[in-house]
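Novice: Residue numbers (this note's numbering): 5 to 368.
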Amino acid sequence: MSTDHPTPSPGAYTPLGAVPQPGGVNFAVHAPRATDVWVCLVDVAEDGTRQERRLLLPARTAGVHHGFVPGIGEGTRYCLRAAGPWDPGAGLRFNEYKALIDPYARRLDGGFPGDAADGAALLPYGEDGGPSDIDSLPDIPLSVVTGAPPAPEPGPGVPWDRTVICEVHVGSYTARHPGVPEELRGTYLGLAQPAILEHLRRIGVTAVELLPVQACLTEPGVRARGMRNHWGYSTGAYFAPDPRYAARPGHEVEEFSEMVSALHSAGLEVLMDVVYNHTAEESVAGPSLSWRGLDAPGYYLLENGEDLDYTGCGNTIDCASPAALRMVLDSLRYFAGEFGVDGFRFDLASVLGRGRTATGPRAR
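1. If you count every other CB in all the chains shown that lies within 10 Å of the CB of Val279, and 16 or more means buried, which is it?
2. Return the Cβ separation of Gly159 and Asp346 in integer angstroms, given the expectation that the two are a contact with Cβ distance under 8 angstroms.
3. Straight-line CA distance for Arg205 to Phe260?
4. Restricting to runs no shorter than 3 residues, where is the beta strand (DSSP E) found entirely within the region 187-252?
5. Quick check: the region 216-229 against the region 86-94, are there 3 or more CB pairs under 8 angstroms?
6. Quick check on DSSP: helix, strand or coil for Glu258?
7. What does a CB cutoff of less than 7 angstroms around Gln328 pick up in its chain, not counting 5 residues either side in sequence?
8. Rounded to a whole number of angstroms, what is the C-alpha to C-alpha distance between Arg166 and Glu273?
9. Report the rounded CA-to-CA distance for Leu333 versus Met231, giving the unit in angstroms.
10. Any heavy atom of the ligand FMN closer than 7 angstroms to the CB of Arg57?
11. Are the CB atoms of Val43 and Tyr101 nearer to each other than 8 angstroms?
12. For Leu45, which option in Asp106, Arg97 and Ala94 has the closest C-alpha, if you only look at C-alpha atoms?
13. Examine the Cβ distances between the region 304-311 and the region 189-197 and report whether three or more of them are shorter than 8 angstroms.
14. May I ask you to report which of helix, strand or coil DSSP gives Leu61?
15. If you reduce the DSSP assignment to three classes, tell me which class Ala87 lands in.
16. Could you give the DSSP three-state label for Phe393: helix, strand or coil?
17. With distances taken from CA atoms, which of Gly15, Ser354 and Ser238 is nearest Arg227?
18. Alpha carbon to alpha carbon, how far is Asp113 from Gly93?
19. Quick one: what's got a C-beta closer than 7 angstroms to Asn99's C-beta in the same chain, skipping five residues either side?
20. With DSSP as the reference, label Gly24 as helix, strand or coil.
21. Taking Leu267 as the reference, which of Tyr338, Phe343, Pro245 and Arg64 has the closest Cα?
22. Applying the criterion that 16 or more other CB atoms from any shown protein chain within 10 Å of the CB defines a buried residue, is Arg229 buried or exposed?
23. Out of Ala109, Ala219, Thr210 and Asp299, which one is the CA nearest neighbour of Ala22?
24. How many angstroms separate the CA atom of Asp139 from the CA atom of Arg58?
25. Consult DSSP for Val162 and reduce its assignment to one of helix, strand or coil.
26. Expressed to the nearest angstrom, what Euclidean distance is found between the alpha-carbon atoms of Arg85 and Leu146?
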């Protein structure tokens, strides 16, 4: 493990995530119960081999570990690691062997690149139920330091009583469309093609509702069957446009912004189907990808350390928790403010209203 990188200075504790600044990048990670949090800068060789430089975030403010790393910038690949107590009864399963996605990552580099069909390397526990000692770095999508997207064209502001919505799956809608160049089919830019825009306007559509386009991670059971989550209802990063729909790998942020601007210029609003009720981590029997390894009690509804599953997907985000609520609101502000998205459809919206009682157990 290489540690020969400049020691981070304290930096700032807000905003959360990796924020490029003159001379370097500021990292801020919410993990109030962790004893240590590291940012691991990852170099990827041509053969896919990964080498990391682990940097301890030196400061902690209000439960946020933070630090400024000089000499790096946009495009830097990284992951997080966190150390802390192993106390499953309290929902705490810290394990520094597990490389974690930054919950505020603006871009993910691919899916699960390693031999992760069964997801064993991603599990925080071993066969004996204690902490796993398998390093998951080869098997986890990497976070990528990313700046602000291009400024979008303003939306048309269609009155609600005149709104006609067409629900669209970005990957499927243009997958075989003869009016879309073959290299753009099934992508954000494919949806922005004149043939698509003209058709939508001709049939009277005023708003396009995108099925989930926040980065999706296919569940281990689905991967084991040699399949993938097509529809996107398994979120792995709430700030990252799904890289599967990029015409040019690594350019999904710019292309998502270009798509929104093209739809706006054609008089069409952009709505997003968002999945803030659960994450791709499934239950505590599932993988530790991000939130569970940093602050499971702050992000999930738990009882005796186990997930309360009101979603049918293994876990439930606790939107009564300040940490989870902040993440959801920050994500909405990001897509509305930076990309110009006009509105949102909340998947399983009623689940977001489940909260805590005065004594701790959740309202049923």
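Glycine included, C-beta positions come from ideal geometry on N, C-alpha and C.
Specialist: In short, the structure shows the following:
1. Here the question's residue 279 lines up with position 275 in the sequence shown. Classification of Val279: buried, given that the 10 Å Cβ count is 16 or more.
2. Position 155 of the sequence shown holds residue 159. Position 342 of the sequence shown holds residue 346. Yes, they are in contact, since the Cβ atoms of Gly159 and Asp346 sit about 5 angstroms apart, within 8 angstroms.
3. Start at 1 with the first residue of the sequence shown, and residue 205 comes out as number 201. Start at 1 with the first residue of the sequence shown, and residue 260 comes out as number 256. So the alpha carbons of these two residues sit roughly 20 angstroms apart.
4. 211-214
5. no
6. By one-based count along the sequence shown, residue 258 stands at place 254. Taken through DSSP and simplified to helix, strand or coil, Glu258 comes out as helix.
7. Here residue 328 corresponds to residue number 324 of the sequence shown, with the count starting at 1. The amino acid at residue 328 is misidentified as Gln; the sequence shows Ala. So the list reads Gly302, Tyr303, Ile321 and Asp322, once near-sequence residues are dropped.
8. For the purposes of this step, residue 166 is identified with residue 162 of the sequence shown, where counting begins at 1. For the purposes of this step, residue 273 is identified with residue 269 of the sequence shown, where counting begins at 1. Cα to Cα, the separation comes out at about 12 angstroms.
9. The residue labelled residue 333 in the question sits at position 329 within the sequence shown. The residue labelled residue 231 in the question sits at position 227 within the sequence shown. C-alpha separation (whole angstroms): 32 angstroms.
10. As presented, the structure is devoid of all ligands, the ligand FMN included, so that no description of it is given.
11. Locating residue 43 in the sequence shown gives position 39, counting from the first residue. Locating residue 101 in the sequence shown gives position 97, counting from the first residue. It is not a contact, given that the beta carbons lie outside the stated cut-off.
12. By one-based count along the sequence shown, residue 45 stands at place 41. Considering only alpha carbons, the answer is Asp106.
13. no
14. The count along the sequence shown starts at 1 and reaches residue 61 at position 57. Coil at Leu61, not helix or strand.
15. Here residue 87 refers to the residue found at position 83 of the sequence shown. Strand at Ala87.
16. Residue 393 falls outside the range modelled here, since the chain spans only 5 to 368, and no answer is possible.
17. The sequence position of residue 227 within the sequence shown is 223, counting from 1. With distances taken between Cα atoms, Arg227 lies closest to Ser238.
18. Against the sequence shown, residue 113 aligns to sequence position 109. Against the sequence shown, residue 93 aligns to sequence position 89. In a straight line, the C-alpha of Asp113 is about 34 angstroms away from that of Gly93.
19. For the purposes of this step, residue 99 is identified with residue 95 of the sequence shown, where counting begins at 1. Excluding positions up to five away in sequence, the list reads Pro128, Pro135, Ser136, Ser292 and Gly297.
20. The residue given as residue 24 occupies position 20 in the sequence shown. Checking the sequence shown, residue 24 turns out to be Pro, not Gly. Looking at Pro24 - three-state DSSP - the assignment turns out to be strand.
21. Within the sequence shown, numbered from 1, the residue matching residue 267 stands at position 263. Closest option to Leu267, Cα to Cα, is Phe343.
22. For the purposes of this step, residue 229 is taken as the residue at position 225 of the sequence shown. Arg229 should be labelled exposed.
23. Along the sequence shown, read from residue 1 onward, the residue named residue 22 stands at position 18. Measuring from the Cα of Ala22, the nearest candidate turns out to be Ala109.
24. Indexing the sequence shown from 1 puts residue 139 at position 135. Indexing the sequence shown from 1 puts residue 58 at position 54. For Asp139 and Arg58, the distance between alpha carbons rounds to 14 angstroms.
25. On the sequence shown, residue 162 is found 158 positions in, with the first residue counted as 1. Coil, per DSSP.
26. Counting from one through the sequence shown, the residue named residue 85 turns up at place 81. Counting from one through the sequence shown, the residue named residue 146 turns up at place 142. One C-alpha to the other measures close to 12 angstroms.
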